[in-house]
Structures are given as structure tokens and as C-alpha cells.
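Presented below is the structure to which this report refers.
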Ligand SMILES: Nc1ncnc2c1ncn2[C@@H]1O[C@H](COP(=O)(O)OP(=O)(O)O)[C@@H](O)[C@H]1O
Ligand SMILES: [Mg+2]
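In the working numbering, the protein residues as written are 73 to 319.
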């Protein structure tokens, strides 16, 4: 099983859009795929029309008492399952910080899925703290959707720095530009500048109304608009990501 966390310090950068669409593409290829919606906002759960609630809450799940299996739900798509969010997830940072061994617990929860799925996608909440640290330790790759602006790139540098300081291998960072507006000079210049950056993919996700429509369609773009430019962009990013991961 390959675990990919869609992560960024920032909110509203395309983590959930990336998570839902890339996971759908993996499933479409016949790979058994699970999305774990860790964000208390439950956006991934919403896109699959699955209630953002865990039986017994997140505390039990993290303690290993909730039973992952009991909470994993099939989506309406072949090969794609979802472990929904829970509003209690907003306490996860504190929970993981307070509970000794919590990082190990998250890691062992992820490890318990080994053999069951080909891919695990984790839809992370924004922020950087105990939870993100635990996720970095549990995931094989951290996919970072990044808007090509100066401030967004500063947060990318912070994450990269965090990896170095915590002896995490920065080669596990798969950054890609998202919500790109090619009419904007800054976006264009930034993409050009980062074209050869070793942690950035060459393919990117433009700002497209098809992606916005996911909100009303409650579905991945490759499902409701399979021949759209947006679906093609996600396919290109996924293809390049797989190559980088050695899949
Ligand atoms: N490539 C895109 N083009 C247009 N809108 C997008 C794109 N990616 C995301 N959005 C929209 O922007 C908002 C935030 O995206 P989302 O994926 O939920 O971000 P995050 O998970 O990082 O908070 C959502 O309303 C989403 O529909
Ligand atoms: Mg999100």
C-alpha cells in the first residue's frame, strides 16, 4: 500500500480537490483505494455524500478501539472507499500531542490497512502541529498543492525546512501547483521558475470552473466530466506523481 497525504499549512489551496480526484483516478485504474478524511470540515466526505461522523468518535479510533473496518464505507464508485471525517477531529492535534505514543498509534492504524488497499489518500486539515507531524511519519508521500504566489511558496519552504529539521526525507514531498491562473504574470513567472525544482511536479492544476462544480455535482471531475480539460490535468498530475513514486 502506498500512502499519500494531501497536505498544506494553508487552507483553500486544493488539498481536498486533489485528494478526491487523484484517489478517484487510482480507483478507476482498478487499484483498491481508501480516502481517510481527517479534516473536521469533512469536505471529502461531503463530495462522496457520506456523513462526516465516526462511530464512537475519533478518540476511540485513535485508541484502536473504534475499529477502522466498522467505519470504512464504500463510495458509489468501484474500488473506492472512504473513512469519513468527524467533527471531533478538530481535537486531534491536542489528542495526539497529549497521548503518548499517539504518533505511533496513527502509524499503526495506517499499517493495519496494509494489504487491504493499494492506495491510502489522507485528506489533511490545514495547519502544522502534532497531527501533521504524525501524518508525515505515517505517509509514504506528502502531496502539497501550492498556489503559485510568494506567500504560498514561503509555506512550501517552511514545510521543506520542517522535513529537514525532523530528519524526514524531503524526497517524499510531491509539490504541485494548483488553482493556477495563467493570465496572472506572477503565476506564470512562478511556474517557470519552479519548473526544474526537484520537489515540484511539472504538471499543474489550473483554476477551472469544472473543479468548482464538484461542489454541486458532489463527484470527482473525471466522473462527471471525463473528457474535460480539468480531468485531463488531474490525469497528467497523477501520471507524473506515480512516476515520481516509482509506481
Ligand atoms: N483547480 C481549481 N479550480 C477552481 N476551483 C478550485 C480548484 N481547486 C479547488 N477549488 C475550489 O476552491 C475551494 C477550496 O478547495 P479545496 O480543495 O477544498 O481546498 P483545501 O482542501 O486545501 O481547503 C473549493 O471550493 C474548491 O471547489
Ligand atoms: Mg480540504
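The beta carbon of each residue, even a glycine, is placed where N, CA and C say it ideally should be. Here the structure is a predicted model, which means the values were calculated and not measured.
Asked: Span separating the alpha-carbon of residue 212 from that of residue 258; Found: 32 Å
Asked: Span of the beta strand (DSSP E) around residue 320; Found: Only positions 73 to 319 of the chain appear in the structure, and residue 320 is not among them; the question remains open.
Asked: Cβ separation of residue 291 and residue 119, assumed to be a contact under 8 Å, to the nearest whole Å; Found: 7 Å
Asked: Any non-hydrogen atom of ligand 2 closer than 7 Å to residue 288 Cβ; Found: no
Asked: Sequence-distant residues of its chain with Cβ nearer than 6 Å to residue 122 (five each side left out); Found: 145, 154 and 156
Asked: Closer than 7 Å: residue 82 CB and nearest ligand 2 heavy atom; Found: no
Asked: Beta-carbon proximity list for residue 130, same chain, < 7 Å, skipping 5 on both sides; Found: 158, 160, 161 and 164
Asked: Residue from 109, 216 and 234 with nearest C-alpha to residue 251; Found: 216
Asked: 4-residue-minimum alpha helix (DSSP H) runs that sit fully inside the region 214-292, ordered along the chain; Found: 222-237, 257-265, 281-284 and 286-289
Asked: DSSP three-state assignment for residue 105, whether helix, strand or coil; Found: strand
Asked: Assigned secondary structure, residue 331 (DSSP; H/G/I helix, E/B strand, else coil); Found: Since the first residue of the chain shown is 73 and the last is 319, residue 331 is not available in this structure.
Asked: Ordered list of alpha helix (DSSP H) runs contained in the region 81-168, each at least 4 residues; Found: 87-100, 115-119, 129-135 and 140-143
Asked: Among 105, 302, 86 and 82, nearest to residue 185 - alpha-carbon criterion; Found: 105
Asked: Whole-angstrom distance between residue 242 and residue 272, CA atom to CA atom; Found: 11 Å
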